[in-house]
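In full-length UniProt numbering, the protein residues as written are 1 to 855. These notes concern the structure reproduced below.
Written out as structure tokens, the structure reads:
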């Protein structure tokens, strides 16, 4: 049984030996096939011969694809195939010349002769020359061309191969699109480790486009590596990494590189202008690409110290960029424009001063989520916060996670206030909380401060969600808004105690107060139901103390103007002058009033249809038009009553009253009695004060009709039969008719002295002198009644005793004494025994008075 099996195997072995010997013999003589084609098999000009080694030649060999490939082979796969087949190449073949070898859709050209090996297909190309000698089992060779066509990378240089150990090495140069440089690599066990260096390029456009096709890069990663960042010159100092050629694994996380780029244009976003960068140091490590920028400038702003990092560049979902911007230039709209492109609206804009700023933007390319953090330190700066313009000696501003802004500022405020403030601002909600130590708030000029606060704790709410920015100071119920127009509004009347100006002019209450301004220099004020304590009264006697006012103020020019909505009063101020105009309002003044503090401004009052009450004198004067001036220790009144004009001056040196063409009724108003009616009066008073002066009154065409004096004088004349003859037509129901008159008087303390009285009537004259004590009301007046000589119809009826004395002017007269008090005067007649009391001497006193102040 065993012998039969051996016989069978022997037969097979013999057959195999015969077949192999026949094949070898056939190859020794050579095999030629000119043309053979069957189904997908095609052979053209095939020649195979065995010399020392095989010689294989063919113009075309085409074979069907027997095994379906899951993926198309890459250049790396072909390199592996070549390296794995290399050990058989020199052993089996003397020559290979295959101009076209097609297996399925893959076509190759393979040439091998005289230690030269050439392979080429659409993905891979190799042209190598083996060196003659072999060193320790390592073959050295020159590579004229090693092309990874699917990566558009071409290499040339020197290589070595330890065929037995499957170890390969290469050192040479490479080209890829716009890039060229040196490269070294080793290939061991299918792992290619490479180091590229001295790489030069003037562009990365085509390289990045192709890289994107191969690795499906994140679009933003691609744009940032080349697109948003473009340099005039690239110098890659070193690029190293590894590739698993068998599995096409590129180990991108292990890729490292260092480079320098010059003449860069960096765009933070395509719509923004580029940052000009002199030079950038670039490093790739752990899938992060770092850019350190040298002398970056954006729109004229230096960004020294800025850098950016493109992180997780090979991760589609996690890739992003960190923009770290630093500047000592002002933080203004130029920086804010960068943030706005990422929908980050920081309500800060620096208008002056110094700034040390750091802004860090973390942008995820997949979600487009942006996280912004920043630290801004401003010194001696003008800062616009949500439209409100502030000044700060120092302000530390922190942007936290995009939506929170924290401000810590010293000597922070506007032109009219200064504080130390802390603010927390919610950027998403456009609101903020402010806590501040208010050092001072002075709104208005030094001489006219509308509001003055010092050393106050402030709690405020900031709201910039609308068109205007609102700042509400909660503990003072003070509302500020900033926009095209700035406003300060309050209903808190308790703020009046913090307003020197409102206190000075007697403001005690208001319903609401609104200040509007564009620049805090020109102000417009609306005050409703303003309650004040000014010396004005309505015509019905009620006090004018409430009205609505609109006021314009120019702080720089120290001017203001305003008017009441009732139209009763308007005013304007210019520096230290205050001008007030009233209509149908009465005025109360006190000529004896003194201020604890000397008034620093001049008051000019222009009044129409005004009654002026002089409080300290208890006098009321009626004027059609009035001018009133007061400053410090001087008061001037100029007015026009119903008739004539009136003037009064009072200062520390004198009082001076001068009235011309006034009526008897106005004279009554001046002196507080009811002695005159009608007529035309001239009045002059000069003195040191209201208690020490001299005066003179001249008048004509008037009536003397004092209720007490005149009526009791008539009663006295009627009661004395001897005096009835003196009751001439001048004594009538309207009073004593005055043709002309003159009175000289003086006041010393409470004593009024009538130096001379000379009143001329049509049929009788009155002359006299005397005193009245205003405190005790004691009266001591002597009057001489005189009848002219041409009154002959009554001369015979006059008794001789105690009454008639012939005067110089051939007239008859008698002396009447008035004693008692002003409330109860007593009248009597006296015999003229003393020549000093004679009618002649009384009249002489009038004529020869020592002063005639009109003359």
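Note that beta-carbon positions come from the ideal geometry of N, C-alpha and C, so glycine has one too.
Option nearest residue i by Cα separation, candidates the options
i, options, result
"residue 353", "252, 137, 366 and 332", "332"
"residue 398", "161, 631, 346 and 680", "346"
"residue 680", "286, 659 and 426", "659"
"residue 60", "32, 102 and 583", "102"
"residue 536", "380, 206, 586 and 640", "586"
"residue 775", "737, 699, 691 and 695", "691"
"residue 484", "490, 494, 496 and 468", "468"
"residue 313", "291, 338, 287 and 337", "287"
"residue 885", "373, 289 and 340", "Any question about residue 885 goes unanswered here, given that the chain covers just 1 to 855."
"residue 279", "289, 262, 633 and 270", "262"
"residue 203", "112, 705, 387 and 178", "178"
"residue 183", "190, 191 and 171", "171"
"residue 439", "190, 639, 410 and 433", "410"
"residue 148", "119, 131, 129 and 369", "119"
"residue 591", "605, 637 and 627", "637"
"residue 318", "94, 219 and 698", "219"
CB-CB length for residue i against residue j, believed under 8 Å
i, j, result
"residue 752", "residue 771", "7 Å"
"residue 703", "residue 678", "6 Å"
"residue 574", "residue 558", "7 Å"
"residue 755", "residue 746", "6 Å"
"residue 740", "residue 700", "4 Å"
"residue 506", "residue 534", "6 Å"
Beta-carbon gap between residue i and residue j smaller than 8 Å
i, j, result
"residue 779", "residue 820", "yes"
"residue 405", "residue 425", "yes"
"residue 551", "residue 567", "no"
"residue 159", "residue 141", "yes"
"residue 282", "residue 259", "yes"
"residue 610", "residue 641", "no"
"residue 383", "residue 392", "yes"
"residue 672", "residue 644", "no"
"residue 111", "residue 97", "yes"
"residue 589", "residue 615", "yes"
"residue 310", "residue 221", "yes"
"residue 510", "residue 529", "yes"
"residue 181", "residue 199", "yes"
Residues of its chain near residue i, where Cβ-Cβ distance is below 7 Å and the 5 sequence neighbours each way are ignored
i, result
"residue 162", "137 and 138"
"residue 474", "459, 460 and 461"
"residue 630", "603"
"residue 834", "Low confidence applies to residue 834: its pLDDT is 42, below 50, so where it sits in the model is not reliable, and the reading given next is rough at best. Nothing meets the Cβ criterion."
"residue 861", "Here the chain covers residues 1 to 855 and nothing more, so residue 861 does not appear."
Residues bridged to residue i (per DSSP)
i, result
"residue 439", "According to DSSP, residue 439 bridges with nothing at all."
"residue 380", "Residue 380 pairs with nothing; no bridge assigned."
"residue 239", "196 and 257"
"residue 770", "754 and 781"
"residue 459", "435"
"residue 310", "289 and 321"
"residue 826", "819"
"residue 587", "536 and 612"
"residue 296", "277"
"residue 745", "695 and 754"
"residue 507", "532"
"residue 625", "608 and 640"
"residue 523", "517 and 553"
"residue 168", "161 and 187"
"residue 144", "According to DSSP, which records beta bridges pairwise, residue 144 is partnered with nothing at all."
"residue 687", "655 and 693"
"residue 350", "383"
Beta-carbon proximity list for residue i, same chain, < 6 Å, skipping 5 on both sides
i, result
"residue 330", "350 and 355"
"residue 525", "515 and 551"
"residue 635", "650"
"residue 806", "Unreliable placement is indicated for residue 806, whose pLDDT of 40 sits below 50; the coordinate value is still reported in the next sentence. Here the set comprises nothing."
"residue 407", "397 and 423"
"residue 375", "358 and 398"
"residue 683", "659 and 697"
"residue 479", "472 and 489"
Contacting residues, own chain, Cβ-Cβ under 8 Å from residue i (five flanking each side not counted)
i, result
"residue 304", "295, 296, 326, 327 and 328"
"residue 688", "653, 654 and 655"
"residue 251", "241, 242, 243 and 244"
heavy atom of the ligand ADP below 7 Å from residue i C-beta
i, result
"residue 671", "The ligand ADP is not among the ligands present in this structure, which contains no ligands whatsoever."
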